[in-house]
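Working notes for the structure below.
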Amino acid sequence: MTRSASRLAPSHALPSAATPAATARVCDALLPTPPLPARPCAPCAGVPDAADATASRAAPWRVAVGIGCRAGRSAEAIEAAIEAALARHPGLGREAVALVATLDAKAAEPGLVACCARHGWPLVAITREAIAALAGRRAAGGDMGRAADQRAPVSAVQARFGIDGVCEPCARAAAPNGTLLVTKTVVDGVTAAIAGPL
Numbered sequence: 527m528t529r530s531a532s533r534l535a536p537s538h539a540l541p542s543a544a545t546p547a548a549t550a551r552v553c554d555a556l557l558p559t560p561p562l563p564a565r566p567c568a569p570c571a572g573v574p575d576a577a578d579a580t581a582s583r584a585a586p587w588r589v590a591v592g593i594g595c596r597a598g599r600s601a602e603a604i605e606a607a608i609e610a611a612l613a614r615h616p617g618l619g620r621e622a623v624a625l626v627a628t629l630d631a632k633a634a635e636p637g638l639v640a641c642c643a644r645h646g647w648p649l650v651a652i653t654r655e656a657i658a659a660l661a662g663r664r665a666a667g668g669d670m671g672r673a674a675d676q677r678a679p680v681s682a683v684q685a686r687f688g689i690d691g692v693c694e695p696c697a698r699a700a701a702p703n704g705t706l707l708v709t710k711t712v713v714d715g716v717t718a719a720i721a722g723p724l
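Now the structure itself:
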């Protein structure tokens with residue numbers, strides 16, 4: 527349909543508080559190509575565009591969360607550490623968590639098992655051999671990683687398990703095609719790190 531200039535009302539004829547529909551009609555008349563959508567756009571309506579907001583959340587990254595913890599940590603403490611790690615990366619929330627990974631020696635921790643069961647997260651046990659192989663590939667230049675991930679060995683972990691760390695290596699091993707997104711985050715005896723996307 528051809529729009530004519532006669533459709534444009536003089537500016538003094540506009541109501542002092544134009545309705546969204548009226549505002550949309552004025553915008554449509556001023557911008558004949560391309561036509562505006564049938565519904566008022568978000569700026570005209572003065573409200574967030576719910577369809578766009580839903581679309582932006584529809585396909586979040588899927589990530590692996592690596593967890594290390596002292597014996598006897600509660601499900602709530604582990605959940606708090608995961609939440610703290612997620613909060614360090616913009617756009618990540620619980621819905622982005624595809625799985626939780628930990629050292630096989632920690633996989634039976636009641637608090638960790640309960641936390642994963644509560645949220646429906648698969649719990650993946652990573653062996654020391656897998657972590658050692660990952661460290662070997664990185665040392666050989668097969669995985670450059672992030673500079674922040676190049677940390678000194680943790681003596682207590684080395685002494686007990688013979689590996690440099692738990693949460694970061696477990697996250698990286700569980701997301702072999704991803705990168706370390708969130709480095710070691712410590713909350714109340716629990717460490718958490720995030721790698722992805724899967």
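One point on numbering: in the numbering used here, the residue at position 172 of the sequence shown is 698, and numbering is uninterrupted. We put the beta carbon where it would ideally sit given N, CA and C, even for glycine.
Which same chain residues end up closer than 6 Å to Gly704 when comparing Cβ atoms and leaving out the 5 residues on each side of it in sequence? If you number the sequence shown from 1, residue 704 lands on position 178. Answer for Gly704: Ala721, Gly722 and Pro723, listed in chain order.
Can you look up Ala633 in the DSSP assignment and give me helix, strand or coil? Numbered from its first residue, the sequence shown carries residue 633 at position 107. Of the three classes helix, strand and coil, the one that applies to Ala633 here is coil, per DSSP.
Straight-line gap, Gly594 to Arg614 (C-alpha atoms, nearest Å): Along the sequence shown, one-based indexing puts residue 594 at 68. Along the sequence shown, one-based indexing puts residue 614 at 88. Whole-angstrom Cα-Cα distance: 18 Å.
CA nearest to the CA of Arg596, picked from Val650, Leu629, Thr709 and Gly646: Mapped onto the sequence shown, residue 596 falls at position 70. Minimum Cα distance to Arg596 is reached at Leu629.
Cβ-based neighbour list, Gln676, same chain, cut-off 8 Å, excluding 5 preceding and 5 following: On the sequence shown, residue 676 is found 150 positions in, with the first residue counted as 1. Annotation note: pLDDT 46 at Gln676 (below 50); position unreliable, no value reported.
CB contact flag (Ala601, Cys641, <7 Å): Working through the sequence shown from its first residue, we reach residue 601 at position 75. Working through the sequence shown from its first residue, we reach residue 641 at position 115. Cβ atoms of Ala601 and Cys641: closer than 7 Å.
Val626 in three-state terms, based on DSSP: Here residue 626 refers to the residue found at position 100 of the sequence shown. In this structure, Val626 counts as strand in the three-state DSSP scheme.
Alpha-carbon to alpha-carbon, Ala590 and Ala701: Here the question's residue 701 lines up with position 175 in the sequence shown. Here the question's residue 590 lines up with position 64 in the sequence shown. Cα to Cα, Ala701 sits roughly 6 Å from Ala590.
Val692 and Ala611 - do their beta-carbons sit closer together than 7 Å? Translated into positions along the sequence shown, residue 611 becomes position 85. Translated into positions along the sequence shown, residue 692 becomes position 166. Going by C-beta atoms, Ala611 is not nearer than 7 Å to Val692.
Run through the DSSP bridge pairs and tell me what Ile593 is partnered with. Position 67 of the sequence shown, counting from 1, holds the residue named residue 593. Bridge partners of Ile593: Thr628 and Ala718.
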